[in-house]
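Residue 42 in full-length UniProt numbering sits at position 42 of the sequence shown; the count goes up by one each step and never skips.
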Amino acid sequence: MATRTQAREAVIGMLYAYDVGNENILLFARDMFSEKKIKNKQQDFAYALLQGVLDNLQSLDESITSHLKEWDFSRLGGMERAMLRLGAYEILYTDTDTPVVINEAVELCKLYGGEDNAPRFINGVLDSIGKVSKKSARESITNNPKAQGIGLETCLDSKNAKG
1 MATRTQAREA VIGMLYAYDV GNENILLFAR DMFSEKKIKN KQQDFAYALL
51 QGVLDNLQSL DESITSHLKE WDFSRLGGME RAMLRLGAYE ILYTDTDTPV
101 VINEAVELCK LYGGEDNAPR FINGVLDSIG KVSKKSARES ITNNPKAQGI
151 GLETCLDSKN AKG
């Protein structure tokens, strides 16, 4: 049975294919997952990640771009762009812990990243996105009278619960 890491690896490959022009990737994604022995819950997980990234591509790219220091988004390598999109999606739209997301992205970047410093770069950008995301969640909870009664840390812990 495939692991979530293998599911993420397959999603990154599909995001790369999408980025280079295969815009119909969702039509045959499940078949591709099956070929990679990604089945059942892991296939559902991978498909949800792929669809989530594609559905939120513009906002993800904007978020990533806002965290790039001295880099232009269009100059990023295709695999790095795919890894950042997947990582940003998981941080911003899922309940997976930010450190887990960053670790997975860094490890996959070590395998597929184009440059030696790519893992550090991926780590830095996703860490920055995670910090802003946590700060936004904290501010949202602080400004929500219903959430104030149950405690800030409880709200943040439930948002960052492992997925």
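In this text, a Cβ means the ideal position worked out from N, Cα and C, and glycines have one as well.
Residue i (DSSP reduced to helix, strand or coil)
{"i": "Thr-94", "result": "coil"}
{"i": "Asp-72", "result": "coil"}
{"i": "Asp-116", "result": "coil"}
{"i": "Gly-52", "result": "helix"}
{"i": "Lys-41", "result": "helix"}
{"i": "Asn-103", "result": "helix"}
{"i": "Gly-124", "result": "helix"}
{"i": "Glu-23", "result": "coil"}
{"i": "Gly-130", "result": "helix"}
{"i": "Ala-77", "result": "The sequence as given places Gly at residue 77; Ala does not occur at that position. Three-state result, Gly-77: coil."}
C-beta atoms of residue i and residue j nearer than 7 Å
{"i": "Tyr-89", "j": "Val-132", "result": "no"}
{"i": "Gly-124", "j": "Thr-98", "result": "no"}
{"i": "Ala-105", "j": "Gly-78", "result": "no"}
{"i": "Ala-48", "j": "Ala-7", "result": "no"}
{"i": "Met-83", "j": "Ile-38", "result": "no"}
{"i": "Leu-60", "j": "Arg-85", "result": "yes"}
{"i": "Tyr-18", "j": "Ile-12", "result": "no"}
{"i": "Leu-108", "j": "Glu-9", "result": "yes"}
{"i": "Ile-102", "j": "Leu-126", "result": "yes"}
Cβ neighbour criterion (16 or more within 10 Å) applied to residue i
{"i": "Gln-58", "result": "exposed"}
{"i": "Thr-96", "result": "buried"}
{"i": "Ser-34", "result": "exposed"}
{"i": "Gly-113", "result": "buried"}
{"i": "Phe-73", "result": "exposed"}
{"i": "Ser-66", "result": "exposed"}
{"i": "Tyr-20", "result": "Inspection of the sequence shows that residue 20 is occupied by Val rather than by Tyr. The residue is exposed, with fewer than 16 neighbouring Cβ atoms inside 10 Å."}
{"i": "Leu-27", "result": "exposed"}
{"i": "Leu-111", "result": "exposed"}
Bounding residues of the alpha helix (DSSP H) (the contiguous stretch that carries residue i)
{"i": "Thr-65", "result": "57–66"}
{"i": "Asp-31", "result": "29–35"}
{"i": "Leu-15", "result": "4–19"}
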